[in-house]
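This report concerns only the one structure given below.
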Amino acid sequence: MAAEATYRRPEIRKDATHNRWVIFSQARALRPSNFKSKSDANPKSNNQSECPFCVGHEHECAPEIFRVPADSTSDWKIRVIQNLYPALNRELNFPSCPSDSSHCSGDVAVSGFGFHDVVIESPVHPVHLADLSPAQVGDVLLAYKTRIDQLRTFDSIKYVQVFKNHGASAGASMSHSHSQIMALPVVPSAVSARIESMKEFFEQTGKCSLCQVGRDDLLIDESTHFLSIVPYAATFPFEIWIIPRYHSTHFHELDSDKAVDLGGLLKLMLVKMSLQLNNPPFNFMIHTAPLQVNPSQVPSTHWFLQIVPQLSGVGGFEMGTGCYINPVFPEDAAKVLREVLIEHDSSQ
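Its first residue numbered 384, the sequence shown is counted upward by one per residue in this note's numbering.
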């Protein structure tokens with residue numbers, strides 16, 4: 384059990400990456416080491432006999448895009464398929480609005496063109512991402528990269544979002560472990576704001592904001608190529624960022640060696656989070672640069688992977704202001720996660 388943190392006075396911190404403020408107030412919560420999820424991380428539906436993502440049920444899914452290994456039949460490890468209920472339609476015409484939505488004035492609508500895919504991370508129903516080996520998690524990450532490389536060939540696609548919802552309250556409708564990829568013909572405003580905020584930091588300091596995050600009190604763990612931290616102005620309790628140690632603008636620049644390295648650290652963070660927080664529902668998102676990034680933004684734009692355990696709800700204050708209240712100071716969350724003990728075979 385981690386040592387209890389001493390009481391801290393409330394603080395308001397600025398997140399330089401997203402240019403937003405976060406309120407930290409311990410008075411609203413339990414001690415950091417007592418945080419546990421109260422939600423069931425797994426949806427109640429989908430047993431193996433009826434799950435379309437399980438091996439043997441491939442015909443029940445939307446069309447397959449590719450599988451790993453490519454020549455496998457019933458012994459596939461990963462499948463990338465179209466989403467059966469896509470939010471975007473790959474058959475529609477390209478949008479007529481400029482890709483930079485800031486040039487569109489007033490209320491604007493464009494065709495809902497885009498791609499919405501599913502990455503089935505394992506053929507075995509009970510196996511979750513954290514149960515895979517670092518190399519197997521690395522293969523999932525490389526499947527993301529492969530699909531992004533395919534989507535980059537479409538001139539109309541401007542941004543690709545990779546994300547995972549784990550648990551019903553985190554948005555997962557299927558209990559079989561999977562993640563999703565959405566390719567958009569516009570750059571979302573939150574992405575544009577993040578890129579601009581990082582550029583402003585670079586112009587003010589001459590440094591990339593994410594190349595400067597090596598504070599010991601925020602560090603959870605590190606590998607050869609990546610750091611895992613609780614960010615200085617974490618929006619959510621026990622939020623984790625995994626950041627390339629060396630400047631990298633796009634996730635799809637990931638190579639095989641770095642994928643295995645990242646796979647090991649991602650697995651470790653998911654296992655620590657599960658043990659400490661009672662297997663919480665969670666989301667993770669890969670925050671990368673737009674596909675056609677302005678060359679002037681390359682020195683300041685640094686991709687990272689964000690993990691958010693679902694431990695608290697969002698209220699009217701957060702919705703009204705965009706300013707979140709986090710009951711756990713990042714230094715305390717990082718300390719608790721650092722001290723989670725893991726059996727040797729759980730981290731391999």
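Ideal placement from N, C-alpha and C gives every residue a C-beta, glycine not left out. Here the structure is a predicted model, which means the values were calculated and not measured.
Check whether residue i and residue j have beta carbons under 7 angstroms apart
i, j, result
"cysteine 591", "serine 494", "no"
"phenylalanine 621", "alanine 716", "yes"
"leucine 593", "isoleucine 626", "yes"
"methionine 652", "serine 611", "yes"
"serine 560", "serine 516", "no"
"lysine 528", "leucine 637", "yes"
"glutamate 441", "aspartate 600", "no"
"proline 692", "phenylalanine 667", "no"
"histidine 401", "arginine 577", "yes"
"cysteine 434", "histidine 508", "yes"
Own chain partners of residue i with C-beta closer than 7 angstroms, once the 5 adjacent residues on each side are dropped
i, result
"arginine 462", "Glu447, Arg450, Ile503"
"alanine 573", "none"
"leucine 534", "Phe498, Ile540, Val543, Ala566"
"glutamine 659", "Val719, Leu720, Val723"
Classification of residue i by the beta-carbon crowding that lies within 10 angstroms, buried from 16 upward
i, result
"cysteine 437", "buried"
"glycine 439", "exposed"
"alanine 553", "buried"
"leucine 663", "One detail in the question is off: residue 663 reads as proline in this sequence, not leucine. Classification of proline 663: buried, given that the 10 Å Cβ count is 16 or more."
"proline 452", "exposed"
"proline 614", "buried"
"isoleucine 603", "buried"
"proline 678", "exposed"
"alanine 551", "buried"
Where residue i falls: helix, strand or coil (DSSP)
i, result
"aspartate 500", "strand"
"tyrosine 527", "helix"
"methionine 565", "strand"
"glutamine 465", "strand"
"aspartate 514", "helix"
"aspartate 532", "helix"
"arginine 391", "coil"
"aspartate 458", "coil"
"arginine 473", "coil"
"leucine 724", "coil"
"glutamine 675", "coil"
"phenylalanine 634", "helix"
"asparagine 402", "coil"
Residue range of the unbroken beta strand (DSSP E) whose run includes residue i
i, result
"leucine 688", "687 to 692"
"serine 580", "From DSSP, serine 580 is part of no beta strand (DSSP E) but of the alpha helix (DSSP H) over 572 to 588."
"leucine 770", "This structure cannot speak to residue 770, because the chain is shown only from 384 to 731."
"methionine 557", "Unbroken run through methionine 557: none, as it is neither H nor E."
"leucine 602", "602 to 605"
"phenylalanine 447", "Note on residue identity: the sequence assigns glutamate, not phenylalanine, to residue 447. Counting along the chain, the beta strand (DSSP E) containing glutamate 447 begins and ends at 447 to 451."
"phenylalanine 700", "Looking at the DSSP string, phenylalanine 700 is not in any beta strand (DSSP E); the run it does join, the alpha helix (DSSP H), is 699 to 704."
"arginine 598", "Segment: none, arginine 598 is in no beta strand (DSSP E) and carries neither H nor E."
"tyrosine 542", "542 to 549"
"histidine 670", "665 to 670"
"tyrosine 707", "707 to 709"
Range covered by the alpha helix (DSSP H) that runs through residue i
i, result
"leucine 651", "639 to 660"
"arginine 396", "Counting along the chain, arginine 396 falls outside any alpha helix (DSSP H), though it belongs to the beta strand (DSSP E) covering 394 to 398."
"glutamate 622", "No alpha helix (DSSP H) contains glutamate 622, which DSSP labels as neither H nor E."
"lysine 351", "The question about residue 351 has no answer, for the chain in this structure spans 384 to 731."
Sequence-distant residues of the same chain with beta carbon closer than 6 angstroms to residue i, five excluded per side
i, result
"glutamine 544", "Met565"
"glycine 521", "Ala642, Val643, Gly646"
"cysteine 706", "Trp404"
"valine 681", "Thr632"
"isoleucine 669", "Val545, Phe634, Leu688"
"isoleucine 357", "The structure shown does not extend to residue 357, since the chain spans only 384 to 731, so no value can be given for it."
Cutoff 8 angstroms; reference residue i; Cβ partners in own chain excluding five residues on either side
i, result
"leucine 567", "Leu471, Gly497, Ile540, Lys541, Tyr542, Val543, Gln544"
"serine 457", "Val438, Gly439"
Residue i Cβ short of 6 angstroms to the ligand COA heavy atom set
i, result
"threonine 684", "The ligand COA is not among the ligands present in this structure, which contains no ligands whatsoever."
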